[in-house]
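Right, one structure below, let's go through it.
Numbering (my numbering), first residue to last: 385 to 569.
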C-alpha cells in the first residue's frame, strides 16, 4: 500500500516522505518497456509512482497528497517544476499549466515534465519564467478548468495559462457505461 501519509491538525494529509521511507519495488511492466530501456532510474521511478497517494477534491477528482521523493514532489496540487536561475523575483512571468497525465508528466521525473521543459527552453532563449504544473493524472479539460478556477481563488493571477488536453476526453467517450445511448456526451 505504500507509506502512510502523516496527518496535520485538521486531519488532512501531511507529506508522504518517500526519501525517508523508500517504497518497495514496482512490478509495472513499463519498467522493461522500450520507452524506458535507456532510463536507469525507471525501476525507482515506478516504485515512487506506485507509492503516490491521493485525496478526493470535489468535482476535480483525485489529487496527490503532498509528496517528497526523488522523482515526485508535490504540494497543494502542484508538481515541482524546473526553476531557472533568476526565476525567484516578482517580475518573472508565471505560467500555469493544466492538463492530464501527459502534461502532469506520466513517465517523467519532476524536472523533465512539459512545464519543466518549457521553463528550460525559455531559459535557453534568455527568458526566465516560473512554470507551475497543476496537471493531474486522468484529468479531463473540464476538470482542468475547475482546477484553474480553484487555483485562481487561492493564488495571485498568473501571467499566462496553458491547457494541454484531449486524450482523456477521448478515453471517457470510449468508456460509455451500459444503458446510455450512442450519442457522445
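The beta-carbon is built from N, C-alpha and C at its ideal position, and this holds for glycine as well.
Under DSSP, residue 544 shares a beta bridge with 479. Pairing residue 533 with residue 545, the inter-Cα distance amounts to about 12 Å. Between residue 514 and residue 471, the C-beta gap is smaller than 9 Å, which places the two residues in contact. Look at residue 521 here: in three-state DSSP terms it is coil, with no helix or strand label.
In the pairwise beta carbon analysis, the segment 495–502 is classified as touching the segment 476–485: at least three pairs are separated by under 8 Å.
With distances taken between CA atoms, residue 518 lies nearest to 527 out of 510, 512, 511, 527. Per DSSP, reduced to three states, the secondary structure at residue 414 is helical. In the three-state DSSP reduction, residue 463 falls in the strand class (E or B). For the pair residue 554 and residue 475, the Cα-to-Cα distance works out to about 39 Å. Relative to residue 462, the option among 494, 433, 473, 434 whose CA is nearest is 494.
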